[in-house]
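Participant:
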Amino acid sequence: MNSLSKNILLFIFLISTISANRLKLKKAEILESKTIKGESIKYLKGDVEFQKGLINLKCQYGNYKEKKDIAYLFDEVSLTKETLTLTCDSITFYSKKNRIESAGDPKIIDREYSLISDSLIYFTEIDSGIAIGNVELFQNNQKIKANRIEYIKKPGSGAVSYTAIGNVEIQDSLRTATCGIAIYNHDNEKTHLQIKPKIVDAERSLNGKKIILSYTKKMLKHIFIPDNARVITTIEAFKYSKQDSSRKKLKFNDDMTSNNLQGYFINGVLDSLRLSGMATTLYHIIEDSLYKGKNVTSGDTIIMNFKEKNLTNIIVNGGSQGKYTPDSLSNEIHSPLIYSAEKIDYYLKAEETKLIGNAKTRHENTDLEAGYINVNWPTKILYAYPKSETDSIYKSIIPTIIEKGRDPMVGDEMIYNLDTKRGKIIYGKTKAEDGFYKGKEIRNEGDKVIYIKNSVFTTCDLDTPHFHFESNKMKIIQNDVVIAKPIVLKLADIPVFGIPLAIFPHQGGRRHSGWIMPAYGESRSRGQYIDGLGYYWAPNDYWGSKFTLSFGDRQGAVLSVNNQYRVRYKFNGNFYFRNQQFLSGSEDIISLKENRNSNFMLRWKHSQLLRNNQTFNANTTYSSNGSYNRKYGLDVAERMDQKATSNITYTKRWTKSKNSMSFNLYSNQDLLVDKKTDNTSNYYVAPTQAGYQLNIINRTIPKVSFRHGQSNLLATKNNQKRWYHNITWNYGFNFTNKDRKYYESVFIDSLSIYDWKRNDSGSPIDTTFIDNGWTHTASLNAPTKLFKYININPRINLRSNWVNRSFDKIWNDSTNSFQDIENKGFDTRTTGSFSVNANTKLYGVFALPFGPLKIIRHVASPSIGYSWTPDFSEPVFGYDLGYIETYNNPINGDIIKHDRFSKTMAGSTPSNEQKNVNFSLNNIFQAKTTINDEEKKIDLFSWRVSSSYNYAADKYNLANLKSSIRSKLFGKLNLDLSTTHDFYDYDNETGARINEYRKNNNGILDPRLINARLSTGFRLNGSHWQKKDEQIPTDIDSLKTNDHLSELNTINSMKNTLKSGNLWSTNFSLSYNYNAYNPLNETKTFWVNTSSNIQLSKNWKLAYRARFDMIKKDLVSHNVSLNRDLHCWELSLNWTPGGIGQGVYVKLNVKSPNLKDLKIEKKGGVYSKSPF
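One rule links them: number in the numbering used here = place in the sequence shown (from 1) + 48.
Rendered as structure tokens:
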């Protein structure tokens, strides 16, 4: 074929191709062509039909621009292309661009999908388009709604891939998904939901930042939410109400959140959900349509499994924890249950939770720990085991239960009921106070009672204890007692003794009710005795009563009751009652009652802090007589206590005004007064003159006091004060009303003796005297500074007494003596004194570079003062006050001075003038040291001297010179020296003081040392052998006893000293005293006391105490104590070889305070209260 032919054929092919790509008008009933603006337009009408390739277009009206190849089709427009059909109201077909713009309810129907929208842009070259406005796409059994959908269908593809934008909603038969943008790729069958995506089905809703849906063969297989995943399930249930008829179902939202979520589907139905990263679930528990509570669980990962659309179980892994909060109205459980484990498995149908690996629960005040815990929610029972039978990952943890305020309890297996709060422990053990309990089975009965079967109790903390008690049955009542029956004591697993019943205290160091064990002994006055058997009753935290009984076969019985009460910050006190029943002392027990007598004593102490600065205090005593104390007191102070004293005081303070007031009632009764007036008694007091008075009872009813504190006389608020602004004053008064009953002595002429006034039967006659008076006191001070450095303080003191009587004297010719005459009526006496004191401080600094010592500072504080008290028997400032009257004896002419107020409440009138000049000098010596470039100030010593001079005295005007030196060298060596010097000489023959200054040969004053006291003490110790970082344990004994035996004090002191970490320690104290008030009879004492403690070994401790008389070179007393720590036991020995406290005491006892009576002891000497 020549080239021409080829060109012709190519031209024909191109013409045919171009012709095939153009839109062809196939038919129309009416065709009209027009040229508008140079463009040819065909107007078509009636069954118009176009064709382009496989595309057929039909309509009733149309316009066709042939040059531009654009067709406008209207009315009954349709487009067909193979299996696709597009219908709408109008179409604009841009043939060159293969683009169709349709309007008027466009609708596409294809074999695999269909689509409707408000408008549509369809691309004919590839099956794709853009639908806008109320778009609905149907494919793969889904309905996709959106504001806009862009889609494409690849050749051979069964469905379109699309991007839906704006109010996207994807529906299928099981669920609905909504979002802002949905992108579906048919190639991998994945849908990406973006912008607030959410999926809702009949049971739940899922949302997150983004959701990815994966399909297989048009069936949903997987959901993935990569961020902020959340699943909400809405359920309905009734909430418990007492009004059943009005109940309505309420909606509850089960809420699950996590960082990401994956959901797995089988046949389009949800099979499981996996929440990962800070996963949390809130699940509401419903039983028979009734809401029972909510469960919040969290962990690293949460897996939720479903069956037939229902949740079957929840698995929580990694840092798993949860909280079950019951509905308080529909549950017996009212408190939340908090739990945690490495893995939590919750089965909804069985309502069972398994806590696997390091499982913990907390319910109210009870904590439970174990390797595996199973919770059965319908029965509310917890089962705890060391490890799950199917667990091969997590370590075994022995079940442990911890209750607030109690020691932990452990066991092989535990069962606990959340409803009844009762539990059971198999092969359990626990610690309470300092005791250890073990048992085959331990169960509780409420909060306070624990039962132990086949129990073991000990205070030894070893796995194989040195001793223990065994009992078949044991009952522990918390904060009360432990009851065991029967009980057997075993030492090193060897039975020692057994008793059918034993009771131990179990109070945790608290004050509690219980029996008080007695002491036994023998003494001359009491015979064989038992002391202090009793019971202590503590009904609450504010009140306690102690009942004790003592009995001596030569004494009788003593019953005492001590009731103590206390409310902190309000009041406290005690009421004490004691009754003594004396026996005859006969050796015949039948005749013990023959000479029985009794007495009793009552004592009430009370202290109360009232509101508004008010206080109330009472200390009252009443006793029938004092014979019990006198005969059977355990110490000298108790035997000498022969007074019944009562004192009640109320005070009120007004702090702003500096005023205070008190009201007092006082009574003092002599319990021995009847014996003192019985001339057959050993206590009889024989009078030596007439008018001598012996008080029976002395009462002050009442005494009222008022005081105004120091205040400025001329107060000012100005910063610049004058000297008179410093003047201060104070004032006070007392009113005292005394009621006194007494016996008075008289002279009996017939017997020419003095005796107590008696009646006809010989009994003494008592007299009652009532008197009262007022005392007013006031003072005025004017402190000021002189030359800026000298402090001067003048002071005036005034005292005024108001009485209701006074006394004069009258001469009695029959007795040739003066006789007192009482003048009833108001009288007053005012006295006073004046003083002025001046002091200052002087500082001196001396450089002394010697080693670390750099500077010495001396602070001298001189003080001088003058005080004057007038002689009120003489005229004062020329005025006779009349307090003291002068009488002449008509017989011998002697002048007698009589004080009118001496027998009144005012007391004696000052009649000795005092004009004292007192002076003192206080010196403090301090040093500044430099050690390791660090400056430090230390006090070296202080030295004080003082004396005074009385110008008004007839002799011995100059008082003794007193001086004292005190120092604490290096912070360890205490030194205290005090001396007294007398300026006056003495008579060499009698040693009496004479009114002449003592001088030396040069005529210089030479004061005589009449008294000196020197005391010092220091401590030496050696360090304990221990590692540098080893801590010395400190034991705190909460149980204190009032044991009067000194050996216990010695041993306890030794323990406390060695607990400081010293291998040994020694304390020395020296005391020297020199007395030469009588120079012819000088006395000296020099005592040395030492106390040494030595840690012989880890468990052996030795203490030695001694007292030496260095003047007589005599060992006055010494004591040796030895202590051996036997782990849970201790052995102690206290030995006093000689002297008043001679004796020995050996004791082997259990350390535990609760078992303090479990001991073996041997006493001798003073410790047994019988001769050694």
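Just so you know, even glycine gets a beta-carbon here, dropped at the ideal spot from N, CA and C.
Identify which residue in 382, 430, 598 and 434 has its Cα closest to the Cα of residue 412.
Facilitator: 382
Participant: Hey, residue 1113 and residue 1060: beta-carbon distance below 9 Å or not?
Facilitator: Going by C-beta atoms, residue 1113 is not nearer than 9 Å to residue 1060.
Participant: For residue 564, which residues of its own chain have a beta-carbon under 8 Å away from its beta-carbon, when the five flanking residues on both sides are left out?
Facilitator: 580, 581, 582, 583, 584, 594 and 596
Participant: Can you tell me the Cα-Cα spacing of residue 1201 and residue 444, whole angstroms?
Facilitator: Approximately 36 Å, taken between the alpha carbons.
Participant: Going along the chain, which unbroken runs of the beta strand (DSSP E) with 3 or more residues stay wholly within the stretch 706-750?
Facilitator: 707-718
Participant: Spell out the partners DSSP gives residue 317 in its beta bridges.
Facilitator: 314
Participant: Mapping DSSP to helix, strand and coil, what is residue 323?
Facilitator: In the structure shown, residue 323 sits in a strand (DSSP, three-state: E or B).
Participant: Opposite residue 119 in the DSSP bridges: which residues?
Facilitator: 112 and 141
Participant: Among 837, 795, 787 and 829, which one has its Cα closest to the Cα of residue 818?
Facilitator: 787
Participant: Counting pairs of beta carbons, one from the stretch 978-992 and one from the stretch 887-899, are three or more of them closer than 8 Å?
Facilitator: no
Participant: Helix, strand or coil: how does DSSP classify residue 456 here?
Facilitator: coil
Participant: Between which residues of its own chain and residue 190 is the CB-CB distance below 7 Å, once the five residues before and five after are set aside?
Facilitator: Cβ within range, chain order: 218, 219 and 220.
Participant: Please say whether residue 207 and residue 201 have beta carbons closer to each other than 9 Å?
Facilitator: yes
Participant: Using the DSSP secondary-structure output, state which residues sit across from residue 343 in a beta bridge.
Facilitator: 331 and 372
Participant: Taking C-alpha atoms, which residue in 331, 876, 313 and 227 lies nearest to residue 396?
Facilitator: 331
Participant: In chain order, what residues of the same chain lie with their CB nearer than 6 Å to the CB of residue 682, ignoring the 5 residues before and after it?
Facilitator: Per-residue confidence for residue 682 stands at a pLDDT of 43, beneath the threshold of 50, marking its modelled position as unreliable; the derived number appears in the next sentence. If we look at residue 682 and ignore the five residues flanking it on each side, it has no Cβ neighbours.
Participant: Using the Cα positions of residue 1210 and residue 698, report the straight-line distance between them to the nearest angstrom.
Facilitator: 52 Å
Participant: Which residues in the same chain have their Cβ closer than 6 Å to the Cβ of residue 1248, if we skip the five residues on either side of it in sequence?
Facilitator: Residue 1248 lies beyond the stretch modelled for the chain, which goes from 49 to 1220, so this question has no answer here.
Participant: If distances are taken between C-alpha atoms only, which option among 1010, 273, 747 and 783 comes closest to residue 996?
Facilitator: For the residues 1010, 273, 747 and 783, the minimum Cα distance to residue 996 belongs to 1010.
Participant: Beta-carbon within less than 6 Å of residue 80's beta-carbon, same chain only, minus the 5 sequence neighbours each way: which residues are those?
Facilitator: 91
Participant: Determine the closest residue to residue 96 out of 103, 107, 87 and 89, with distance taken between C-alpha atoms.
Facilitator: 107
Participant: Considering residue 518, what are the terminal residues of the beta strand (DSSP E) in which it resides?
Facilitator: 515-525
Participant: Considering only C-alpha positions, which residue in the set 187, 587 and 305 is nearest to residue 232?
Facilitator: 187
Participant: Roughly how many angstroms lie between the CA atoms of residue 427 and residue 279, to the nearest whole one?
Facilitator: Rounded to whole angstroms, residue 427 to residue 279 spans 30 Å at the Cα level.
Participant: Report the start-end ranges of each beta strand (DSSP E) in the stretch 207-279 that is 3 residues or longer and not cut off at the edges.
Facilitator: 209-219, 223-233, 238-242, 246-249, 252-255, 258-264 and 267-273
Participant: Leaving aside the five residues before and after residue 464 along the sequence, list all residues of the same chain whose C-beta is less than 6 Å from its C-beta, in chain order.
Facilitator: 430 and 471
Participant: Is the distance from the Cβ of residue 192 to the Cβ of residue 180 below 9 Å?
Facilitator: no
Participant: Rounded to a whole number of angstroms, what is the C-alpha to C-alpha distance between residue 552 and residue 734?
Facilitator: Within the model, the alpha-carbon separation for residue 552 versus residue 734 is close to 58 Å.
Participant: Cα-Cα, which of 789, 974, 613 and 490 is closest to residue 894?
Facilitator: 974
Participant: Does DSSP classify residue 1029 as helix, strand or coil?
Facilitator: strand
Participant: State the DSSP-derived secondary structure class of residue 772, mapped to helix, strand or coil.
Facilitator: In the structure shown, residue 772 sits in a helix (DSSP, three-state: H, G or I).
Participant: When you compare the stretch 803-815 with the stretch 766-779, are there three or more beta-carbon pairs, one atom per stretch, that lie closer than 8 Å?
Facilitator: no
Participant: Cα-Cα, which of 149, 1041, 145 and 142 is closest to residue 136?
Facilitator: The option with the nearest alpha carbon to residue 136 is 149.
Participant: Looking only at its own chain, which residues have a Cβ that is under 6 Å from the Cβ of residue 831, when we skip the five neighbours before and after it?
Facilitator: 774 and 841
Participant: Where do the N-terminal and C-terminal ends of the beta strand (DSSP E) with residue 910 fall, by residue?
Facilitator: 901-917
Participant: Out of 704, 313 and 624, point me to the one whose CA is closest to residue 660's CA.
Facilitator: 704
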